[in-house]
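Quick note on numbering: the sequence shown equals residues 18 to 145 in our numbering.
Here a beta-carbon is modelled for each residue, glycine too, at the ideal position from N, C-alpha and C.
Since we're looking at a predicted model, the values are computed, not measured.
Below you'll find the structure, written out as structure tokens, and then a few comments.
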Amino acid sequence: MVKLHDMGDGYNESVIIEDEYTDSDHEESEFDDDDEIEEETFWERIKALQDIIPITQRRKVSNFVGSIFSTGASVLRLSGKTAWVLSTTAFVVVLPLLYELERNDTTMDSVNAPLDPSSQDQHKTSAL
18 MVKLHDMGDG YNESVIIEDE YTDSDHEESE FDDDDEIEEE TFWERIKALQ
68 DIIPITQRRK VSNFVGSIFS TGASVLRLSG KTAWVLSTTA FVVVLPLLYE
118 LERNDTTMDS VNAPLDPSSQ DQHKTSAL
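What follows is the structure, encoded as structure tokens:
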């Protein structure tokens with residue numbers, strides 16, 4: 018235990034006398050018992066900041082965060098619409114075009130097949 022003694026008006030320093038110190042004094046402290054202290058939740062800590070941060074600063078932060086979310090939402094909306102336009106254009110225009118080119122190639126192969134001299138040689142050897 019620590020005791021402080023006042024030495025009077027002319028003398029400002031205090032004399033510290035140390036008595037026997039036991040751990041039992043420390044155990045009686047109200048802060049050592051974990052059951053008595055309620056833990057704050059994250060939301061309670063954020064709510065307590067309302068008293069610390071001025072209203073003008075809170076509004077500035079709120080407006081800034083709101084504009085960031087608004088801009089992000091606009092960018093996502095625009096990219097989704099762009100992806101939709103590109104994919105439907107590919108299905109409607111490009112795929113039928115590719116199908117028609119492939120069909121044209123197979124038609125040209127079947128038309129040119131009898132005129133090809135190497136294929137005529139194969140027909141003669143197979144007939145023998």
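Residue interval of the alpha helix (DSSP H) (run including residue i)
i    : result
A90  : I72 to T106
T123 : L112 to N129
Three-way DSSP call (helix, strand, coil) for residue i in this model
i   : result
V32 : In this prediction, V32 has a pLDDT of 48, which is less than 50 and means its spatial position is unreliable; nothing more can be read from the coordinates.
Those residues which DSSP pairs with residue i across a bridge
i   : result
K64 : In DSSP, K64 forms no bridge with anything.
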